[in-house]
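Beneath this line is the structure, given in structure tokens, with notes to follow.
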Amino acid sequence: MSLQGSLFGQDNNQKQEISLENGLLEYYPQFFTPTDSDRIFQQLISTITWKQESMRMYGREVLFPRLMAWYGDANSSYSFSGNTFEPLLWTAELLLIRDRVAAAAGTTFNSVLLNYYRSGNDSMGWHADDEPELGINPVIASVNMGATRRFLLRHRHHKNLKYEIALEHGSLLLMKGQLQHFWEHQVPKTAKPVGPRINLTFRYIYP
Ligand SMILES: O=C(O)CCC(=O)C(=O)O
Ligand SMILES: [Mn+2]
8 MSLQGSLFGQ DNNQKQEISL ENGLLEYYPQ FFTPTDSDRI FQQLISTITW KQESMRMYGR
68 EVLFPRLMAW YGDANSSYSF SGNTFEPLLW TAELLLIRDR VAAAAGTTFN SVLLNYYRSG
128 NDSMGWHADD EPELGINPVI ASVNMGATRR FLLRHRHHKN LKYEIALEHG SLLLMKGQLQ
188 HFWEHQVPKT AKPVGPRINL TFRYIYP
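In this text, residue positions in the sequence shown follow the numbering used here: the first is 8, and each later residue adds one.
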């Protein structure tokens, strides 16, 4: 299967702008059609080199509660939680997705972090995408495939400022402006029976 030449189906590409205190979100609920999304989802599950990485926490090696993979240009290595990830080279499919996402975001990306949440028991804790190699106000483009999961945001200084969005199959979420300085985000575990989900965050890493 290939998306080659097919240009992705153009579906409901409607953008929702969500203006937060000190940050901006743009949400495209059906950035990819359901048919393209089903196909991309299955293909990513089978073709990406998924790994369960670990981090050092309080002197112990702790497994990340999800599978991960890092792809990108050769000069885009990336460090977080005490690990440095060397990118695998782009697959043809990832390049097609990247180019479509970059056109909507109006910027370029040289790498993508993929996360595979196998069930509701997989999660990502509170953090911001604020590593220095991402630059001052990075545009992070987050593509969602598979099960809908809750994406929560909280302001670092105003504890009463919170936002929540359900990230649906085939959607694109752009995080922009000062968001990463002032807000943290997470994907919590859920006790509901949910299927697997893949999230791709496209980033520009300054070498
Ligand atoms: O899975 C998600 O929606 C969030 C991913 C994320 O925050 C990240 O990769 O930094
Ligand atoms: Mn993040």
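The beta-carbon is built from N, C-alpha and C at its ideal position, and this holds for glycine as well.
Local conformation of residue i per DSSP, three classes
i           : result
residue 61  : strand
residue 48  : helix
residue 53  : helix
residue 116 : coil
residue 162 : strand
residue 194 : strand
residue 37  : coil
residue 212 : coil
residue 185 : coil
residue 154 : coil
residue 140 : helix
residue 69  : strand
residue 204 : strand
residue 42  : helix
Identity of the residue in the options nearest residue i by Cα
i           : options          : result
residue 69  : 200, 38, 197, 90 : 90
residue 60  : 21, 75, 52       : 75
residue 38  : 56, 30, 22       : 22
residue 126 : 188, 73, 41, 26  : 73
residue 2   : 195, 165, 178    : Residue numbering for the chain in the displayed model covers 8 to 214; residue 2 lies beyond these limits and cannot be assessed.
residue 71  : 84, 57, 80       : 57
residue 129 : 33, 43, 206      : 206
residue 46  : 104, 135, 170    : 104
residue 110 : 93, 146, 92, 94  : 146
Distance between beta carbons of residue j and residue i, contact taken as under 8 Å
i           : j           : result
residue 191 : residue 161 : 6 Å
residue 176 : residue 155 : 7 Å
residue 153 : residue 193 : 18 Å between Cβ atoms; not a contact.
residue 82  : residue 214 : 4 Å
residue 78  : residue 204 : With 8 Å as the limit, residue 78 and residue 204 do not qualify as a contact, their Cβ atoms being about 18 Å apart.
residue 54  : residue 115 : Incorrect: roughly 23 Å between the Cβ atoms, too far for contact.
residue 174 : residue 151 : 4 Å
**Asked** Using the beta carbon as the reference atom, which residues fall closer than 6 Å to any heavy atom of ligand 1, ordered along the chain?
**Response** Residues with a Cβ closer than 6 Å to any heavy atom of ligand 1, in chain order: 120, 122, 131, 136, 149, 158, 174, 192, 194, 206, 208.
field: Stretch pair the segment 178-185 + the segment 147-167: three plus CB contacts closer than 8 Å
entry: A contact exists between the segment 178-185 and the segment 147-167.
Q) Counting pairs of beta carbons, one from the segment 110-124 and one from the segment 203-211, are three or more of them closer than 8 Å? A) The answer is yes - the segment 203-211 touches the segment 110-124, with three or more Cβ pairs under 8 Å.
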